[in-house]
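Peer 1:
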Amino acid sequence: MPKQEFRMPKMGESITEGTIIEWHVNVGESFEEGDVLLEVATDKVDNEVPAVASGKLIEQKFSNGDVVPIGEVIAILELSDSVGLEKSDSKTSSSPSKNKVAQRSSTSSASKEKIAKPSQSSPAKSFKVNENLFISPLVDSIARKHHISYEELARIPGTGKDGRLRKSDVTEYIASGRPFKFAQPVSEPTGFQVPDLKFDKGKGKIVEMDRMRQMIADHMVFSKHTSPHVTAYVEADLTEMVKWRNENKIPFQKKYNEKLTFTPLFIECVAKAITDFPMINSSLDGKNVIVKEDINIGMATALPTGNLIVPVVKNADKKSLKELAEATNELAGKARDNKLKGDDTKGSTFTISNVGTFGSLMGTPIINQPEAAILATGIIKKRAEVMERETGDTIEIRHMMYLSLSFDHRIVDGYLAGSFLRRIADYMEKFDVNREL
């Protein structure tokens, strides 16, 4: 296996140097094609530099924190595949387009040109593309093979550092039916003059949005742009559920060593209702509706930073209350400790947002794309209610909660949404107080 020089890749026309943030592969360690060798920071964007082939890292020329000129040899590799690193007669290494780095050489200049430059027929030019999107050569190759535009790539949740795309993210996205394939392009207005509105935004402290907040903002705007949102409301009497939980939370914790919150109880009711109305557990793919086989419930959870993340309880309909409590407690704990992994936040088919946690009476949640609906549960409040009894009407103190369902009106109509929402409330109100732990 011949030794190869690995140079600091070019990461933009105006960038002349990069800072090594962290080596992910140490001297003597082996790596596979697509594995991230190191992270490099520039004055514009941080990049993960992937391996172009399998091999072993023989020598590191620079350490973490070193500032290295573009084109400088930063490591010596021993590649196991019959490919070499593309070299240039100039001071820099081969110049990839935008943020494409460490590209693989090919057997002909024609194939080099195909890899190095974005296809002129690429639909990406019809979209407003995030210029800070990092696309590795391997991801770029997969995208070209499946005719995925850069705009579509920008919509795929990444599991790399700061949400960057990995090979597995793209392959799983393709396997899931490419839910962002039909995102609408941003076109320039024609035929009329757009007024140049100048708003007085006022003065105050400037707080830069962190990357996660930017991603959340982008995802929410995309969801509102993609799905026509409609929200339906019902009120549920949770008196029996609250009473049972209060009586059993201590015995439950003693028996299973797990806290019994309302979250697993809510998820249990929602999973039952989805079983009754499976069309709510779907996504739109062009003119086709994909009705999901699995019922995976996402639970919106606050992070220490104040941002929200949605860990997922997989196969919720097949879990016992004990298993639901274990899953929700584990995911909530990981979120608080910033220890959630990529798999913990993937694959949701329906989402619950407990706005009551923050004291809200009700909410109008935004759909978690590519799902068809999302449920918000409000605060549980004691209120005087008129109850119809056999002996006549009485006024009693009851534990009441508002439920709100936002749904995608392209695939869910009012009848389905209303029936599904009412069924959730029914399961909550008819809670079996005689069930055993």
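Okay, so the sequence shown: first residue is 17 according to the numbering used here, each after it adds one. The C-beta atom is built at its ideal place from N, Cα and C for all residues, glycine as well.
Looking at the unbroken alpha helix (DSSP H) that takes in Asn262, where does it start and where does it end?
Peer 2: In the sequence shown, counting from the first residue as 1, residue 262 sits at position 246. Thr255 to Tyr272 is the extent of the alpha helix (DSSP H) around Asn262.
Peer 1: By the DSSP assignment, the alpha helix (DSSP H) with Pro386 in it spans what residues?
Peer 2: For the purposes of this step, residue 386 is taken as the residue at position 370 of the sequence shown. It is not in any alpha helix (DSSP H) - Pro386 carries neither H nor E in the DSSP assignment.
Peer 1: One question on the structure: do Ser396 and Leu254 come within less than 9 Å of each other, judged by their Cβ atoms?
Peer 2: Walking along the sequence shown from the start, residue 396 turns up at place 380. Walking along the sequence shown from the start, residue 254 turns up at place 238. It should be pointed out that residue 396 corresponds to Ile in this sequence rather than to Ser. For the pair Ile396 and Leu254, the CB atoms are nearer than the 9 Å cut-off.
Peer 1: Flag this pair as yes or no: are the beta carbons of Asp310 and Gly363 separated by less than 9 Å?
Peer 2: Mapped onto the sequence shown, residue 310 falls at position 294. Mapped onto the sequence shown, residue 363 falls at position 347. For the pair Asp310 and Gly363, the CB atoms are nearer than the 9 Å cut-off.
Peer 1: Could you check whether Met257 and Met444 sit closer than 9 Å to each other, using their CB atoms as the reference points?
Peer 2: Counting from one through the sequence shown, the residue named residue 444 turns up at place 428. Counting from one through the sequence shown, the residue named residue 257 turns up at place 241. Yes, the Cβ-Cβ distance between Met444 and Met257 is below 9 Å.
Peer 1: Would you mind giving the Cβ-Cβ distance between Ile232 and Asn370, rounded to the nearest angstrom? I have them listed as a contact below 8 Å.
Peer 2: Taking the first residue of the sequence shown as 1, we reach residue 232 at position 216. Taking the first residue of the sequence shown as 1, we reach residue 370 at position 354. About 17 Å separates the two Cβ atoms, so there is no contact after all.
Peer 1: On the DSSP bridge list, what partners appear for Asp458?
Peer 2: This structure gives no information on residue 458, because the portion of the chain shown stretches from 17 to 453.
Peer 1: For Asn345, does the three-state DSSP call read helix, strand or coil?
Peer 2: Within the sequence shown, residue 345 is the residue found at index 329, counting from 1. The answer is helix: DSSP assigns Asn345 an H, G or I state.
Peer 1: Which same chain residues end up closer than 7 Å to Arg439 when comparing Cβ atoms and leaving out the 5 residues on each side of it in sequence?
Peer 2: Here the question's residue 439 lines up with position 423 in the sequence shown. The beta carbon of Arg439 sits closer than 7 Å to the beta carbons of Ala289, Asp292 and Phe293 from its chain, once the five residues preceding and following it are set aside; these are given in chain order.
Peer 1: Between the stretch 260 to 280 and the stretch 336 to 354, do at least 3 Cβ pairs fall closer than 8 Å?
Peer 2: yes
Peer 1: Between the alpha carbons of Arg152 and Glu55, how many angstroms are there, rounded?
Peer 2: The sequence position of residue 152 within the sequence shown is 136, counting from 1. The sequence position of residue 55 within the sequence shown is 39, counting from 1. In the sequence as presented, Arg is not what sits at residue 152; that position holds Ser. The alpha-carbon atoms of Ser152 and Glu55 are separated by roughly 12 Å.
Peer 1: Report yes if the CB atom of His245 is closer than 9 Å to the CB atom of Thr380, and no otherwise.
Peer 2: Here the question's residue 245 lines up with position 229 in the sequence shown. Here the question's residue 380 lines up with position 364 in the sequence shown. In this structure, Thr380 lies closer than 9 Å to His245 by Cβ.
Peer 1: Hey, is the stretch 410 to 424 in contact with the stretch 260 to 274, meaning 3+ C-beta pairs nearer than 8 Å?
Peer 2: no
Peer 1: Would you say Ser157 lies against chain B (beta-carbon separation less than 9 Å)?
Peer 2: As a matter of chain content, chain B is missing from the structure shown, which is built from one protein chain.
Peer 1: Within 10 Å of its beta-carbon, does Pro320 have 16 or more other beta-carbons around it, so buried, or fewer, so exposed?
Peer 2: Indexing the sequence shown from 1 puts residue 320 at position 304. Under this definition Pro320 is an exposed residue.
Peer 1: Give me the Cα-Cα distance between Ile86 and Tyr189, rounded to the nearest whole angstrom.
Peer 2: Translated into the one-based positions of the sequence shown, residue 86 becomes position 70. Translated into the one-based positions of the sequence shown, residue 189 becomes position 173. Their Cα atoms are separated by approximately 33 Å.
Peer 1: Measuring straight from C-alpha to C-alpha, what distance separates Gly375 and Leu281?
Peer 2: As a working mapping, residue 375 is identified with position 359 in the sequence shown. As a working mapping, residue 281 is identified with position 265 in the sequence shown. C-alpha of Gly375 to C-alpha of Leu281: approximately 19 Å in a straight line.
Peer 1: If you scan the stretch 18 to 61 from start to end, which runs of the beta strand (DSSP E) of 3 or more residues do you find wholly inside it?
Peer 2: 19 to 23, 33 to 39 and 52 to 57
Peer 1: Classify Pro66: buried if its beta carbon has 16 or more other beta carbons within 10 angstroms, exposed otherwise.
Peer 2: Within the sequence shown, the letter at position 50 stands for residue 66. Flag for Pro66 reads buried.
Peer 1: Is DSSP giving Lys77 helix, strand or coil here?
Peer 2: Against the sequence shown, residue 77 aligns to sequence position 61. Coil.
Peer 1: Do you know how far the Cα of Trp39 is from the Cα of Ile92?
Peer 2: To locate residue 92, count along the sequence shown from 1; it is residue 76. To locate residue 39, count along the sequence shown from 1; it is residue 23. Distance between the alpha carbons of Ile92 and Trp39 is about 13 Å.
Peer 1: Around the Cβ of Asn262, are there at least 16 other Cβ atoms within 10 angstroms (buried) or fewer (exposed)?
Peer 2: The count along the sequence shown starts at 1 and reaches residue 262 at position 246. Here Asn262 is exposed, its C-beta having fewer than 16 other C-beta atoms within 10 Å.
Peer 1: Rounded to the nearest angstrom, what separates Pro25 and Ala57 at their Cα positions?
Peer 2: As a first step, residue 25 is located in the sequence shown; it is residue number 9 there, counting from the start. As a first step, residue 57 is located in the sequence shown; it is residue number 41 there, counting from the start. For Pro25 and Ala57, the distance between alpha carbons rounds to 12 Å.
Peer 1: For Glu204, I'd like the list of residues in its chain whose CB is within less than 6 Å of its CB, leaving aside the five on either flank, ordered along the chain.
Peer 2: Translated into positions along the sequence shown, residue 204 becomes position 188. A caution first: Glu204 carries a pLDDT of 47, below 50, which makes its placement in the model unreliable, though a value can still be read off. Once the five neighbours on either side are set aside, Glu204 has no close Cβ partner at all.
Peer 1: Answer with buried or exposed for Met27, where buried requires no fewer than 16 other C-beta atoms within 10 angstroms of its C-beta.
Peer 2: The sequence position of residue 27 within the sequence shown is 11, counting from 1. Met27 is buried by the Cβ-count criterion.
Peer 1: Quick check on the burial criterion: 16 or more other C-beta atoms within 10 angstroms. Buried or exposed for Lys335?
Peer 2: Stepping through the sequence shown from its first residue, residue 335 is reached at position 319. So Lys335 ends up on the buried side.
Peer 1: Quick one: is Pro327 buried, meaning 16 or more other Cβ sit within 10 Å of its Cβ, or exposed?
Peer 2: Start at 1 with the first residue of the sequence shown, and residue 327 comes out as number 311. Counting Cβ neighbours within 10 Å, Pro327 comes out buried, since at least 16 surround it.
Peer 1: Given this structure, state the Cα-to-Cα distance separating Asp156 from Arg182, to the nearest angstrom.
Peer 2: Position 140 of the sequence shown, counting from 1, holds the residue named residue 156. Position 166 of the sequence shown, counting from 1, holds the residue named residue 182. Computed Cα separation, rounded: 10 Å.
Peer 1: What is the rounded straight-line gap between the Cα of Phe47 and the Cα of Arg194?
Peer 2: The count along the sequence shown starts at 1 and reaches residue 47 at position 31. The count along the sequence shown starts at 1 and reaches residue 194 at position 178. Those two C-alpha atoms are separated by around 29 Å.
Peer 1: To the nearest angstrom, report how far apart Ala389 and Ser243 are at their CA atoms.
Peer 2: To locate residue 389, count along the sequence shown from 1; it is residue 373. To locate residue 243, count along the sequence shown from 1; it is residue 227. So the alpha carbons of these two residues sit roughly 10 Å apart.
Peer 1: Quick check on DSSP: helix, strand or coil for His163?
Peer 2: Within the sequence shown, residue 163 is the residue found at index 147, counting from 1. Of the three classes helix, strand and coil, the one that applies to His163 here is coil, per DSSP.
Peer 1: Does Tyr2 pass the burial test, meaning 16 or more other C-beta atoms within 10 Å, or should it be called exposed?
Peer 2: With the chain represented from 17 up to 453, any question about residue 2 goes unanswered, as that position is not in the structure.
Peer 1: Determine the burial state of Pro386: buried for a count of at least 16 other Cβ atoms within 10 Å of its Cβ, exposed for fewer.
Peer 2: For the purposes of this step, residue 386 is identified with residue 370 of the sequence shown, where counting begins at 1. Pro386 is buried by the Cβ-count criterion.
Peer 1: Does DSSP put Thr277 in a helix, a strand or coil?
Peer 2: Within the sequence shown, the letter at position 261 stands for residue 277. Coil.
Peer 1: Below 8 Å on the Cβ atoms is my guess for Thr365 versus Asn297; work out the distance and round it to an integer in Å.
Peer 2: Within the sequence shown, numbered from 1, the residue matching residue 365 stands at position 349. Within the sequence shown, numbered from 1, the residue matching residue 297 stands at position 281. So it is a contact: roughly 5 Å between Cβ atoms.
Peer 1: Output the distance between the C-alpha atoms of Phe78 and Glu224, rounded to the nearest integer angstrom.
Peer 2: Locating residue 78 in the sequence shown gives position 62, counting from the first residue. Locating residue 224 in the sequence shown gives position 208, counting from the first residue. Using only the alpha carbons, I get a separation of about 32 Å.
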